[in-house]
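Enquirer: In the UniProt record's numbering, the protein residues as written are 1 to 711. Beta carbons: idealized from backbone N, C-alpha and C, even for Gly. On a predicted model such as this, the values are computed, not experimentally measured, just so you know.
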């Protein structure tokens with residue numbers, strides 16, 4: 001391994017001359033230090049350094065749980081050696097998203113005879129391999145797998161089914177209509193289902209949601225405590241999930257305390273689902289709830305459901321009014337300290353007393369938000385994005401002022417129009433960016449500014465007294481922040497062609513720009529930042545402040561900042577990147593983005609960068625600059641660029657990157673493709689789900705699902 005680590009573990013460093021030797025530390029301290037080293041390095045490298053480390057690296061605290069899910073350097077041989085050396089000591093093994101490992105790698109898991117928890121989501125596993133592996137894992141209680149086309153439950157051996165009968169936690173990602181292994185799991189207490197079935201095959205044939213004849217259609221839910229289903233867009237996913245729900249509608253488990261269905265678009269309620277909800281209202285008390293919007297809108301369901309000590313609610317995209325939210329969910333403003341995560345994304349009327357005669361852009365009722373804040377004072381995750389939450393001019397009742405009371409917040413998502421000072425929005429002179437139409441086009445030109453040159457200085461002086469500055473100052477332990485335009489939509493949706501034009505930003509958002517971005521730099525512990533559709537970005541100077549002050553930043557997503565015809569913040573972005581030493585994921589979405597030599601030279605300062613995604617209509621790239629960047633940044637394993645270049649240029653660059661770096665980077669995933677090409681959706685379907693879900697597709701991720709849903 002590297003010489004710096006060699007020096008540290010052997011004590012052969014400059015500190016030795018000063019009497020400091022790492023090996024003189026207590027075992028407890030050394031074990032804590034070693035816990036930050038990937039298990040593969042500990043077992044295959046570090047333990048060979050000296051006798052003391054040879055013993056410590058095999059300590060049960062380090063080998064009990066092995067996490068390979070983001071160890072992008074691990075390969076089949078390393079896994080084989082790891083399982084051979086410590087297989088019997090492993091009780092929890094997480095290989096989620098190890099898409100680059102061949103399916104034969106799974107054969108070595110059979111050495112882990114004492115496994116209790118196993119996560120193979122995103123791994124290539126056939127029915128026969130799964131059967132062989134599970135037949136040897138008699139202590140297994142928690143399992144996560146993918147069900148791909150060709151899966152055949154009839155190939156599972158009796159020994160495999162015996163193991164599955166003892167599994168109490170199952171996470172199953174479906175890429176084909178199937179029950180998977182659910183009917184074999186007769187002791188299920190937690191069931192997580194992810195439906196990723198496409199409506200059309202690669203050949204263009206329409207798929208059916210009906211399950212194969214002969215498959216068991218009697219899942220065993222009698223002991224179920226947690227039911228979670230997340231659907232990707234498409235009618236087939238809806239058809240299949242209804243089959244899973246059919247058994248629940250006949251008999252609702254008495255111990256059910258979390259029922260969550262995340263479904264995009266329209267997912268109509270049926271007689272069976274209505275019976276299920278009625279049964280739940282009569283027989284169970286819930287701690288977590290999420291339902292499709294059609295199941296809640298216009299119904300009195302929330303009035304009849306009973307809750308115990310709820311920790312998670314999601315009413316995303318529902319027409320639920322603030323009055324109903326307070327009366328039926330928050331118990332009329334009573335104590336709800338147990339609630340730690342709340343998703344109101346796209347819930348446009350949730351901060352208004354009623355929704356019947358209200359326009360989406362009308363001012364919020366601050367008393368509703370205040371009731372929410374007082375009742376749910378222990379909230380750690382709050383999502384208010386995708387809605388117009390406009391504060392009134394009443395002093396002390398601004399949304400930012402009320403949210404500043406939530407001292408325990410770790411993640412927060414807000415619409416851009418909600419963070420502006422009402423008075424500032426009225427008094428601020430029009431700037432160049434909001435005099436220019438928010439449309440695409442190279443012909444957009446900005447002339448001499450029509451306000452005094454020192455206006456920016458005046459704004460910076462005033463920003464420290466703004467409500468948003470105060471909010472950022474009060475949430476010092478915030479780790480995730482999303483500020484997203486209420487009308488923003490990504491140019492690259494999931495299963496559809498790229499979007500040509502975007503909706504203009506909210507009028508209230510027109511004043512949000514560089515000074516508000518600078519306020520974010522107060523978040524010392526910030527790890528993930530998303531900024532989308534901030535129209536008044538003039539130079540991007542606030543980004544530099546974030547780069548300097550937010551040294552823990554690991555994920556950065558910027559989309560449609562400033563005017564649309566020019567990337568006005570490029571210089572500031574390049575300065576910012578020079579300070580982002582911990583940055584691992586970078587996503588940029590901006591028309592006319594030029595990914596040239598200067599940009600990639602600045603990006604090369606991000607020594608920890610692993611994943612890069614650029615989405616740019618009419619954007620350009622320099623192939624030699626990309627190749628140089630990939631050569632300099634050895635940790636990069638994902639490079640996705642959807643630009644305005646020709647198909648030939650994109651294919652040639654993609655092939656060059658794969659040819660040059662695949663051998664040394666087994667997890668390398670490269671997709672370079674014209675954004676507006678008709679075959680974009682076909683290309684997207686081959687992207688590993690880990691990358692697609694975490695970075696390539698834009699979405700709000702705050703309170704997207706309950707915390708600690710899976711390990």
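Between residue 271 and residue 655, what straight-line distance do the alpha-carbon atoms span, to the nearest angstrom?
Expert: Distance between the alpha carbons of residue 271 and residue 655: 52 Å.
Enquirer: From the DSSP output, in three-state form, read off residue 716 for me.
Expert: Nothing can be reported for residue 716, as the shown portion of the chain is limited to 1 through 711.
Enquirer: When burial is assigned at 16 or more other CB atoms within 10 Å of the CB, is residue 72 buried or exposed?
Expert: By the 10 Å Cβ count, residue 72 comes out buried.
Enquirer: Excluding the five sequence neighbours on either side, which residues of its own chain have a C-beta within less than 6 Å of the C-beta of residue 559, listed in chain order?
Expert: Excluding residues within five positions, the ones whose Cβ falls inside 6 Å are 532, 589.
Enquirer: Would you say the segment 392-408 touches the segment 673-692, given that touching needs at least three Cβ pairs under 8 Å?
Expert: Taking 8 Å as the limit for Cβ pairs, the verdict is that the segment 673-692 does not touch the segment 392-408.
Enquirer: What residue range does the alpha helix (DSSP H) around residue 564 cover?
Expert: Careful: residue 564 lies outside any alpha helix (DSSP H) and carries neither H nor E.
Enquirer: For residue 290, which of helix, strand or coil comes out of DSSP?
Expert: Here residue 290 sits in strand by DSSP.
Enquirer: Relative to the C-alpha of residue 582, which candidate in 636, 595, 476 has its C-alpha closest?
Expert: Nearest C-alpha to residue 582: 636.
Enquirer: Runs of 4 residues minimum, wholly inside the segment 54-78: which ones carry the alpha helix (DSSP H) assignment?
Expert: Segments of the alpha helix (DSSP H) lying fully in the segment 54-78: 60-63.
Enquirer: What residue range is occupied by the uninterrupted alpha helix (DSSP H) comprising residue 482?
Expert: That residue, residue 482, is in no alpha helix (DSSP H); its beta strand (DSSP E) goes 480-484.
Enquirer: For the candidate residues 266, 543, 247, 120, whose alpha-carbon lies nearest to that of residue 317?
Expert: The residue with the shortest Cα to Cα distance from residue 317 is 266.
Enquirer: Let's test the definition: count the other Cβ atoms within 10 Å of the Cβ of residue 132 and tell me whether it reaches 16, buried, or not, exposed.
Expert: By the neighbour-count rule (16 or more Cβ atoms within 10 Å), residue 132 is buried.
Enquirer: Using the C-alpha atoms, what's the distance from residue 153 back to residue 181?
Expert: Rounded to the nearest angstrom, the two C-alpha atoms are 7 Å apart.
Enquirer: By Cβ distance below 7 Å, which residues in the same chain neighbour residue 673 in space, the five residues on each side in sequence not counted?
Expert: Excluding sequence neighbours, residue 673 sits near 642, 650, 680, 683.
Enquirer: Which residues mark the beginning and the end of the alpha helix (DSSP H) in which residue 702 is found?
Expert: No alpha helix (DSSP H) holds residue 702; DSSP gives it neither H nor E.
Enquirer: Going by the beta-carbon positions, is the gap between residue 561 and residue 586 smaller than 8 Å?
Expert: Not a contact, by the Cβ cut-off of 8 Å.
Enquirer: Only counting the same chain, and skipping five residues up and downstream in sequence, which positions put a Cβ closer than 8 Å to that of residue 207?
Expert: For residue 207, where only same-chain residues beyond five positions count, the Cβ hits under 8 Å are 177, 197, 198, 199, 200, 201, 236.
Enquirer: Please report the distance separating the alpha-carbon of residue 382 from that of residue 353.
Expert: Using only the alpha carbons, I get a separation of about 20 Å.
Enquirer: In chain order, what residues of the same chain lie with their CB nearer than 7 Å to the CB of residue 159, ignoring the 5 residues before and after it?
Expert: Only 135 meet the Cβ criterion.
Enquirer: Identify whether residue 52 lies in helix, strand or coil by the three-state DSSP scheme.
Expert: The answer is helix: DSSP assigns residue 52 an H, G or I state.
Enquirer: State yes or no: is the C-beta of residue 483 within less than 8 Å of the C-beta of residue 534?
Expert: Yes, they are a contact pair.
Enquirer: Between residue 719 and residue 345, is the Cβ-Cβ spacing less than 8 Å?
Expert: Because the chain here runs from 1 to 711, residue 719 falls outside it and cannot be looked at.
Enquirer: Please state whether DSSP places residue 522 in a helix, a strand or coil.
Expert: Helix, per DSSP.
Enquirer: Whole-angstrom Cβ separation of residue 623 and residue 668, contact assumed at under 8 Å?
Expert: The Cβ separation is near 17 Å, so there is no contact.
Enquirer: Are the Cβ atoms of residue 241 and residue 219 separated by less than 8 Å?
Expert: Contact: no.
Enquirer: Do you know how far the Cα of residue 310 is from the Cα of residue 259?
Expert: Taking the straight line joining both Cα atoms gives about 11 Å.
Enquirer: May I ask whether a heavy atom of the ligand MG can be found less than 7 Å away from the beta carbon of residue 582?
Expert: With respect to the ligand MG, the structure shown offers nothing to examine, as it has no ligands at all.
Enquirer: Only counting the same chain, and skipping five residues up and downstream in sequence, which positions put a Cβ closer than 8 Å to that of residue 165?
Expert: So the qualifying residues of the chain are 184, 185, 186, 187.
Enquirer: Let me confirm a value: residue 502 is counted as buried when at least 16 other C-beta atoms fall within 10 Å, else exposed. Which label applies?
Expert: Buried, since its Cβ has 16 or more Cβ neighbours within 10 Å.
Enquirer: If you scan the segment 147-175 from start to end, which runs of the beta strand (DSSP E) of 3 or more residues do you find wholly inside it?
Expert: Runs of the beta strand (DSSP E) inside the segment 147-175: 169-174.
Enquirer: Compare the Cα-Cα distances from residue 602 to each of 572, 611, 40 and report the closest residue.
Expert: Of 572, 611, 40, the residue nearest in Cα terms is 572.
Enquirer: For residue 92, which of helix, strand or coil comes out of DSSP?
Expert: Strand at residue 92.
Enquirer: In angstroms with no decimal places, state the Cα-to-Cα distance between residue 29 and residue 313.
Expert: Going from the Cα of residue 29 to the Cα of residue 313 covers about 40 Å.
Enquirer: In this structure, what does DSSP give as the bridge partners for residue 498?
Expert: Answer is none; residue 498 lacks a bridge partner.
Enquirer: The alpha helix (DSSP H) with residue 530 in it runs from where to where?
Expert: Premise fails: residue 530 lies in the beta strand (DSSP E), 528-532, not in any alpha helix (DSSP H).
Enquirer: Which residues mark the beginning and the end of the alpha helix (DSSP H) in which residue 371 is found?
Expert: Element bounds for residue 371: 366-375.
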